[in-house]
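Enquirer: Count the sequence shown with our numbering and you get residues 34 to 218, in order. For each residue, glycine too, the CB sits at the ideal point set by N, CA and C. Please find one structure pasted underneath; my questions will follow.
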Amino acid sequence: MKKNKYKVIENPLSGYDFSFRRCHAAEIGAYIIGITLFILICAFAVFSEDDGHSWNNLCENLLYPLSFSIPLFLLGLSMTFRIRRVKRIIANGKQVDGEIVSYRRTHINYAIGSRAPRKPNHTILTIRFNDNGDQECTVGAGHKLPEKALSSPYCTVYILDDNVFVTGFSLRKKGDPQISFKLEE
Numbered sequence: 034m035k036k037n038k039y040k041v042i043e044n045p046l047s048g049y050d051f052s053f054r055r056c057h058a059a060e061i062g063a064y065i066i067g068i069t070l071f072i073l074i075c076a077f078a079v080f081s082e083d084d085g086h087s088w089n090n091l092c093e094n095l096l097y098p099l100s101f102s103i104p105l106f107l108l109g110l111s112m113t114f115r116i117r118r119v120k121r122i123i124a125n126g127k128q129v130d131g132e133i134v135s136y137r138r139t140h141i142n143y144a145i146g147s148r149a150p151r152k153p154n155h156t157i158l159t160i161r162f163n164d165n166g167d168q169e170c171t172v173g174a175g176h177k178l179p180e181k182a183l184s185s186p187y188c189t190v191y192i193l194d195d196n197v198f199v200t201g202f203s204l205r206k207k208g209d210p211q212i213s214f215k216l217e218e
């Protein structure tokens, strides 16, 4: 098996299910919440003072609304650029069939300073596809086990230059039989 030279582009929202609609909803939500927080905090600073110096109070304390809204605005901006990259890969890239060969579970800590969880909480899939010979790549797939989330080991791999984007997983519906995948140690 040839180790590939490709850079894997992760699903902007993580998980098995990818849709531009959900990505745009998250992007717009980050912008709206950031702007709304900025306006609400500014309005609170202006209207909470009764001494007539409310605009001066806002100017002196502008750091507070900015510190809450800028991270959300940057999150929205980050989503915008990630969505554009994925759109470019899907629109201009080569589409090949892929197959999940195996998966492994790993720890990912989201909280700073938290203790490591006792059980692995993130799934990493190993995908095999054919691009001038058999290639493999690893893709983060969120928290769910593939046995519980997928009805088929097959997926779609988009390749553009040295970037790879994996999508098109068949999601399991209620009543679908459970399939098994090889677990890496």
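Classify M34 as buried or exposed, calling it buried when 16 or more other Cβ atoms lie within 10 Å of its own Cβ.
Expert: Residue confidence for M34 is low, a pLDDT of 44 falling below 50, so the modelled location carries little weight; the figure read from the coordinates is stated next. The residue in question, M34, is exposed, as its Cβ has fewer than 16 Cβ neighbours within 10 Å.
Enquirer: Can you tell me where the beta strand (DSSP E) with K120 in it begins and where it stops?
Expert: Run containing K120: none in the beta strand (DSSP E); it sits in the alpha helix (DSSP H), 96-125.
Enquirer: At 4 residues or longer, what runs of the alpha helix (DSSP H) sit wholly inside the stretch 146-195?
Expert: Listed in chain order, the complete alpha helix (DSSP H) runs (minimum 4 residues) inside the stretch 146-195 are 179-182.
Enquirer: Quick check: the Cα distance between K177 and R138, rounded to an integer number of angstroms?
Expert: For K177 and R138, the distance between alpha carbons rounds to 10 Å.
Enquirer: Taking the straight line between their C-alpha atoms, what separation do you get for L99 and G166?
Expert: Taking the straight line joining both Cα atoms gives about 51 Å.
Enquirer: Does the beta-carbon of G208 have 16 or more other beta-carbons within 10 angstroms, so that it is buried, or is it exposed?
Expert: Answer is exposed; the Cβ neighbour count stays below 16.
Enquirer: Exposed or buried, which one is P104 when buried takes at least 16 other CB atoms within 10 Å?
Expert: Flag for P104 reads exposed.
Enquirer: Check whether the stretch 187-196 and the stretch 156-170 touch, using three or more Cβ-Cβ pairs below 8 Å as the test.
Expert: Because the criterion of three Cβ pairs below 8 Å is met, the stretch 187-196 and the stretch 156-170 touch.
Enquirer: Does DSSP classify F198 as helix, strand or coil?
Expert: Correct three-state label for F198: strand.
Enquirer: From what residue to what residue does the beta strand (DSSP E) around I42 run?
Expert: From DSSP, the beta strand (DSSP E) with I42 extends over 40-42.
Enquirer: Whole angstroms are fine: how far does the CA of S111 sit from the CA of F101?
Expert: Those two C-alpha atoms are separated by around 17 Å.
Enquirer: Do the CB positions of Y49 and L204 come within less than 8 Å of each other?
Expert: The answer is yes: Cβ separation under 8 Å.
Enquirer: Please report the straight-line C-alpha distance between S213 and I65, rounded to a whole angstrom.
Expert: Using only the alpha carbons, I get a separation of about 42 Å.
Enquirer: Taking the DSSP output, what are the residues bridged to Y136?
Expert: Beta-bridge pairing links Y136 to L158, L216.
Enquirer: If I measure Cβ to Cβ from I123 and keep anything under 6 Å in the same chain, skipping five residues before and after, which residues do I get?
Expert: Excluding residues within five positions, the ones whose Cβ falls inside 6 Å are Y191.
Enquirer: Comparing alpha-carbon positions, which option in Q128, G175, Q211 lies nearest P153?
Expert: Nearest option by C-alpha distance: G175.
Enquirer: Assign I74 to buried or exposed, taking buried as 16 or more other Cβ atoms, counted over all protein chains shown, within 10 Å of its Cβ.
Expert: Under this definition I74 is a buried residue.
Enquirer: Just checking my contact of G109 with E60 at CB under 8 Å: how many whole Å lie between their CB atoms?
Expert: The Cβ separation is near 5 Å, so the contact holds.
Enquirer: Between the beta-carbon of S52 and the beta-carbon of G173, is there less than 8 Å?
Expert: For S52 and G173, no; Cβs fall outside 8 Å.
Enquirer: Could you check what DSSP says for L70 in three-state terms: helix, strand or coil?
Expert: In the structure shown, L70 sits in a helix (DSSP, three-state: H, G or I).
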